Every structure is written in structure tokens, then in C-alpha cells.
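S.K.:
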Amino acid sequence: MAAAVTLSAQGIPVTVFESAKQLGGRARGVWHNDTQLDNGQHILLGCYRETLRLIQQVGGNIENDFLRLPLQLTLHQQFELKAPPLPAPLHLLIGLLTAKGLSLAQRLFAVRFMLAMRRINFTLPHDITVLELLRAYKQDEEMVRLLWEPLCISALNTPIHKASAQVLLHVLRDSLNGLRSNSDMLLPRLNLSALFPERAAEYVRQHGGTVLTSCGVEAIVQHDKEIELITASGAQRFSHVICAASPAITARLFRAVPQLAPIATRIEALSFQPIYTVYLQYPEQVRLPHPMLGFDRCFTQWLFDKGQIAEQHGLIATVISAEGLHQELEHEQLAQKVAQELREQLGIMEAPLWHRVIAEKRATFSCEPSLPRPTHSTPLTSVLLAGDYTAGDYPATLEGAVMSGTRCADMISRHT
Ligand SMILES: Cc1cc2nc3c(=O)[nH]c(=O)nc-3n(C[C@H](O)[C@H](O)[C@H](O)COP(=O)(O)OP(=O)(O)OC[C@H]3O[C@@H](n4cnc5c(N)ncnc54)[C@H](O)[C@@H]3O)c2cc1C
Numbered sequence: 061m062a063a064a065v066t067l068s069a070q071g072i073p074v075t076v077f078e079s080a081k082q083l084g085g086r087a088r089g090v091w092h093n094d095t096q097l098d099n100g101q102h103i104l105l106g107c108y109r110e111t112l113r114l115i116q117q118v119g120g121n122i123e124n125d126f127l128r129l130p131l132q133l134t135l136h137q138q139f140e141l142k143a144p145p146l147p148a149p150l151h152l153l154i155g156l157l158t159a160k161g162l163s164l165a166q167r168l169f170a171v172r173f174m175l176a177m178r179r180i181n182f183t184l185p186h187d188i189t190v191l192e193l194l195r196a197y198k199q200d201e202e203m204v205r206l207l208w209e210p211l212c213i214s215a216l217n218t219p220i221h222k223a224s225a226q227v228l229l230h231v232l233r234d235s236l237n238g239l240r241s242n243s244d245m246l247l248p249r250l251n252l253s254a255l256f257p258e259r260a261a262e263y264v265r266q267h268g269g270t271v272l273t274s275c276g277v278e279a280i281v282q283h284d285k286e287i288e289l290i291t292a293s294g295a296q297r298f299s300h301v302i303c304a305a306s307p308a309i310t311a312r313l314f315r316a317v318p319q320l321a322p323i324a325t326r327i328e329a330l331s332f333q334p335i336y337t338v339y340l341q342y343p344e345q346v347r348l349p350h351p352m353l354g355f356d357r358c359f360t361q362w363l364f365d366k367g368q369i370a371e372q373h374g375l376i377a378t379v380i381s382a383e384g385l386h387q388e389l390e391h392e393q394l395a396q397k398v399a400q401e402l403r404e405q406l407g408i409m410e411a412p413l414w415h416r417v418i419a420e421k422r423a424t425f426s427c428e429p430s431l432p433r434p435t436h437s438t439p440l441t442s443v444l445l446a447g448d449y450t451a452g453d454y455p456a457t458l459e460g461a462v463m464s465g466t467r468c469a470d471m472i473s474r475h476t
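Here it is, written out as C-alpha cells:
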């Protein structure tokens, strides 16, 4: 949709094929009876420039559409980092120095680490794992557990012993090192389909384009100067195609085209990490001490109070990112475990009225060191590749996906 909006804005007509009934992909709204949920609680950062710009371009209003929280990381009763209203990076450095839950020596090591990363311009000579980087800079186990591990898992959705230090540094560079607002956390007040893809579809239609849902592409066929797309309702030819399907589907479509088969092989080499979102609906008066809160040494990693965020009172979204023991539990057991943790940690004695577990087993690619991610261009100049897993500085995020789309659109508009 990012590519479609960008091309439409330049007067280039587009047709969007979406196999699902609904737009949004992994970042879409989901109904549970009459409650609007998302296919996973999402959080955006103030540094997601392209995503925020596009949301505005299609009619959104960032201050109305999001609850904006200045950088604050709270692990219930264990750790709190609260950035004061000072220019970046002072806000972070003072935030680290005054963090609760770490000794003065630990806080100084954390500040030294950030200053050292600034000195090397957040660029490593060669990529290593996050754990290796933290050890090299003497971040002890407790600091890793309370500060760096929660940050890494929420940013990269990959455990620290596997995660790419270079990609984490890109995120730290963009979120913590520029303007203070770059580190703001933005929690959507609207469901994710309404936030961007539905508005984007309206924008594309108003600019003369077509958006087709329940219309998956079944094959890509190369002709002399055009590319043909085969769908259940027929075949259509185009001057250019941007393939923005999920990695598995893209690999299947590319495998059948000899020039694109090597890219299919590269995509098939990626491995994936899960994200589980457990929604618990409590009576309306139940609320968390903060809109967003972390737990230490629990199955539950982050909790979001949808009452404070989106007026959905009593609805708590809990997030468990990356691989782990939680995957061994049945959904019912996991929901009970999370409710038990809320009871033990926060004293929420009420039983949830209902729960819903959304398990995305292949939520994002596993963001490992020096991963060879496929580029946006392909051996066929008229076929381009977009998606959160394509080459770029970012891990699998909305911003990575959006940037890949706008980049493909720019590559096409330069040649038309
Ligand atoms: C549970 C969860 C939580 C997340 N949390 C965050 C977060 O907090 N912050 C953040 O920035 N990111 C988060 N992400 C990552 C983010 O959702 C993704 O990076 C982003 O949505 C990927 O977008 P995409 O366009 O690359 O792929 P997708 O969203 O997977 O889109 C691919 C689209 O292609 C369609 N499609 C598939 N096959 C075909 C076909 N043959 N023809 C036509 N269409 C087809 C699919 O239906 C889908 O709509 C999260 C992801 C998950 C799953």
C-alpha cells in the first residue's frame, strides 16, 4: 500500500492485488465478536518517518490517531528508565543515569556503552550477535536482563544470542540519537486496518487506481516488455510489478520464473520468529499503572492497557515476542498463565470475561548477523520486491516494510 500510494501521488495508475478479504497483512484489524482487536499489538516509534508521513498523506492525524508516550521503559517493580524532557541524546543519558533498579556502576556502564556506540557512529566493523556486543562492553547479566534484552526482543523479535547487533544499532541510532521525539512510543488508537491500509486504498481509488481484495496472484509470467499476473479472475498485463507478498508466497511465485528462482532460494533460507498476543477482557474498571508496562522473568513480556490507549476499558493486550517456552503451551493454558501473572504481579483478582490468543508463528524473519536479505531490484527490471524482509537497515517492522514499498515506487517512477 505504501508503494501504491507513492505511485498514485505521482499520477502513475496502479492496481493492488490482495489475496485476503481484508487489507493490512500482518498489521490488520481483527474482530473478536463485537470487540475490535489487531492481529497483534503494534507499537510505532517517533523515528518511523516514512510510515508516519504516509499515514498523514492518506488523511491521518498522528496526534489523534496515536497515544504518544515519551521514552519510558518500566519493568514492574524491577526497573524504570524515564527520559527527562531534555534534547537528545541527553534525555537518554540522563534517563540511564537515573534509572531505577540498577546500581550506579551498572548505570555508568550503560551510559559508557551508548557513548561508545555514538563514537563509532553506530556502525560495527563486522556484525556479531547482540549478546557478544554487550559482553564486549561489559554489560553484566542483570543489565542485559532488565534493559538490553527487553529492548532487543521488542525491536528485533529475535533472542539476544541470535540477534544482529548491527541492526539493533541502526534502531538505537534512529530512535535514541536524533531528535528527542524520535524515541517517542506511538500506540495506535485506531485498529491497524483503519490506521493506514483502508485510508490508503481510498487514496489510491481517488487517484484513479484499483484495489482488489480476495484476489490473490497465482502466477507471474514474463513477456517481452510486460509482466502478466494470473489471478482466479483472469490475467492482466502491466509495465511493472512490485511483489509485496509474504516471504513464503513470494518464494513460491518467483520459483516458477527462471530468472527469479535464485531470489526464491535466498528467501527460502530465511528463518522466522513468532509473536504471541494474548488479549484479556477484564471488567471495565481494571486498569494498569501505565498504558504500557513490562514484566521481568515472566511469560508475559509487555502489557498494554487498551482502556488508556483506545478507550477499550478493561481490555489488556499482552505480548510475548520471539521463540521460547510459551510455544509449548496450548492457547488456553497460555491465557491462564498470563492471567495468573497479572494476578500475582499486579493483584488483578478479577477473572477475565474472555480471552483471545493470536499466535503468529512466522511473525517476522529472525534478524541474525549479516543476513543476506534480498534486494528490491531483481534480474527482471520490471519486477521489484518489497516487504519487511527485503534489504534495509531495519528489522521486520512497519517502517521497514513501508520504506521498501516507497523505494520500489521511486525506482519505477524514475524509469517512467
Ligand atoms: C504479532 C505481530 C506484532 C508486530 N508488532 C510490530 C510492532 O510493534 N511494530 C512494528 O513496527 N512491526 C511489528 N510487526 C511487524 C509488522 O507487522 C510487519 O513488519 C509488517 O506488517 C510487514 O508488512 P509487509 O507488507 O512486508 O508484509 P505483510 O503484512 O505480510 O503483507 C503481505 C500481504 O500480501 C498478501 N498476499 C499474500 N499472498 C498474496 C498473493 N498471492 N497475492 C496477493 N496478495 C498476497 C497478504 O495477504 C498480505 O496482506 C509485528 C508483526 C506481528 C505479526
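Our numbering applies: residue 61 is where the sequence shown begins, and numbers increase by one. Backbone N, C-alpha and C fix where the C-beta goes; we use that ideal spot for every residue, glycine too. Predicted model, so just to flag it, every value in this text is computed and none were measured.
1) If I measure Cβ to Cβ from L232 and keep anything under 7 Å in the same chain, skipping five residues before and after, which residues do I get?
2) Where does the unbroken beta strand (DSSP E) through I327 begin, and where does it stop?
3) V417 and T360: beta carbons closer than 7 Å?
4) Check whether the Cβ of V277 lies closer than 6 Å to any heavy atom of ligand 1, and answer yes or no.
5) Hey, which unbroken runs of the beta strand (DSSP E) at 3 residues or more fall wholly within the segment 183 to 227?
6) Quick one: what's got a C-beta closer than 7 Å to V74's C-beta in the same chain, skipping five residues either side?
7) Drop a sphere of 10 angstroms on the beta-carbon of T457, count the other beta-carbons inside from all chains shown, and report buried for 16 or more, exposed for fewer.
8) Please report the straight-line C-alpha distance between S306 and G447, rounded to a whole angstrom.
9) If you reduce the DSSP assignment to three classes, tell me which class H230 lands in.
10) Does the distance from the CB of A87 to the CB of L216 come in under 7 Å?
11) Could you tell me if the beta carbon of I408 falls within a distance shorter than 6 Å of some heavy atom in ligand 1?
12) Check K285 in the structure and name its three-state DSSP category.
13) Excluding five sequence neighbours on each side, which residues of the same chain lie with their C-beta closer than 7 Å to the C-beta of K421?
14) Any heavy atom of ligand 1 closer than 6 Å to the CB of H102?
15) With a CB to CB cut of under 6 Å and the five nearest residues on each side skipped, what residues in its chain are close to L97?
16) By Cβ distance, which residues of its chain are closer than 6 Å to H391, with the 5 residues on each side in sequence left out?
17) So the candidates are D200, N99 and M245; which of them puts its Cα closest to the Cα of L131?
M.R.: Quick answer:
1) Excluding sequence neighbours, L232 sits near M177 and F182.
2) Going by DSSP, I327 is part of no beta strand (DSSP E) but of the alpha helix (DSSP H) stretching over A321 to E328.
3) No.
4) Yes, the beta carbon of V277 sits closer than 6 Å to at least one heavy atom of ligand 1.
5) The segment 183 to 227 contains no whole beta strand (DSSP E) run of 3 or more residues.
6) Contacts found: A64, L67, S68, V264 and G269.
7) Per the 10 Å Cβ criterion, buried.
8) CA-to-CA, the gap between S306 and G447 works out to about 7 Å.
9) Of the three classes helix, strand and coil, the one that applies to H230 here is helix, per DSSP.
10) Result no, Cβ atoms of A87 and L216 do not sit closer than 7 Å.
11) Checking every heavy atom of ligand 1 against the Cβ of I408, none is found closer than 6 Å.
12) Coil, per DSSP.
13) Same-chain partners within the cutoff: P334.
14) Yes; taking the cut-off as 6 Å, the Cβ of H102 has a heavy atom of ligand 1 nearer than that.
15) Leaving aside the five residues that flank L97 on each side, the residues in its chain whose CB is nearer than 6 Å to its CB run, in chain order, V90 and Y339.
16) Cβ within range, chain order: V417.
17) For L131, the nearest C-alpha among the options comes from M245.
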